[in-house]
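Here the sequence shown stands for residues 93 to 263, numbered as in the numbering used here. Down below is the structure, laid out as structure tokens.
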Amino acid sequence: MKKIFAFLFVLFVSTAVYAQMDITKIGVIDTSRVYTTYFRDSTAVRNYESMKLEFQAEVDKATAELKELELKKTQFLKNGDELSALKTETEITKKTDYLIEYTRSKNAELDAMKNKLADSDDFYKSLYNIIERIAEAGGYSIIMSLQQANAILWYSQSVDITDQVINSLIR
């Protein structure tokens, strides 16, 4: 009889302790994916993507030219034509400097476009309201953005609410 009372007492105490435990539920959201999905059909995003592709094509073209010049320089050196190799090296340096400046300029331009798209107040008000509603309904204690990767070392897919946010924004 004492064993039954002891067992029931331990069961009661452990149940009471477990009931008092607060289990923190953390949610994560891929805001970049939400943004891309939500805005993918907008003209501004299509313009941004088009500009990005044009920029990449120019960089690829310039990189191919630089590789071609490197091959020419190597051939000149192989044939003992030091003067032509030096001229080609000068041309390579000029084109490399231009490519670096072009890349810096275009990246700044693309970043400005992306920031302008991302800074839509209406979008963010809607996004935060939806995140708040989903978090409260789902019992989440905190929602973290995946873009701040240094704050998340691991997460379970079961706490990712990205798809719910996208579906709510689309409605």
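All C-beta atoms, glycine included, are put in the ideal place defined by N, C-alpha and C.
- For leucine 238 and threonine 254, the gap between their C-alpha atoms comes out near 10 Å.
- Comparing alpha carbon positions, the residue from Glu146, Arg225, Ile184 closest to leucine 163 is Ile184.
- A direct Cα-to-Cα measurement between leucine 202 and methionine 143 gives close to 8 Å.
- Cβ contact annotation for tyrosine 140 (same chain, cutoff 6 Å, sequence separation greater than five): Met205, in chain order.
- Taking the Cα positions, asparagine 221 is about 57 Å away from threonine 182.
- Of all alpha-carbon atoms in Ser250, Lys217, Tyr216, Glu174, the one lying nearest the alpha-carbon of glycine 230 is that of Ser250.
- For isoleucine 235, no alpha helix (DSSP H) segment is defined; the enclosing uninterrupted segment is the beta strand (DSSP E) at 234-237.
- Tyrosine 232 counts as buried, since no fewer than 16 other beta carbons sit within 10 angstroms of its beta carbon.
- Approximately 7 Å separates the beta-carbon atoms of valine 120 and isoleucine 235; this is inside 8 Å, confirming the contact.
- Note on isoleucine 258: 16 or more other CB atoms within 10 angstroms of its CB, so buried under the neighbour-count rule.
- By the neighbour-count criterion, in which a residue is buried when 16 or more other Cβ atoms sit within 10 angstroms of its Cβ, alanine 200 is exposed.
- Around the Cβ of leucine 175, a 10 Å sphere holds fewer than 16 other Cβ atoms; the residue is exposed.
- In summary, tyrosine 127 is buried, with 16 or more beta-carbon neighbours lying within 10 Å of its beta-carbon over all protein chains present.
- The residue from Leu209, Val151, Ile226 with its alpha-carbon nearest to that of threonine 135 is Leu209.
- DSSP places isoleucine 262 inside the alpha helix (DSSP H), whose first and last residues are 254-262.
- In the DSSP assignment, valine 137 falls within the alpha helix (DSSP H) that extends over 135-170.
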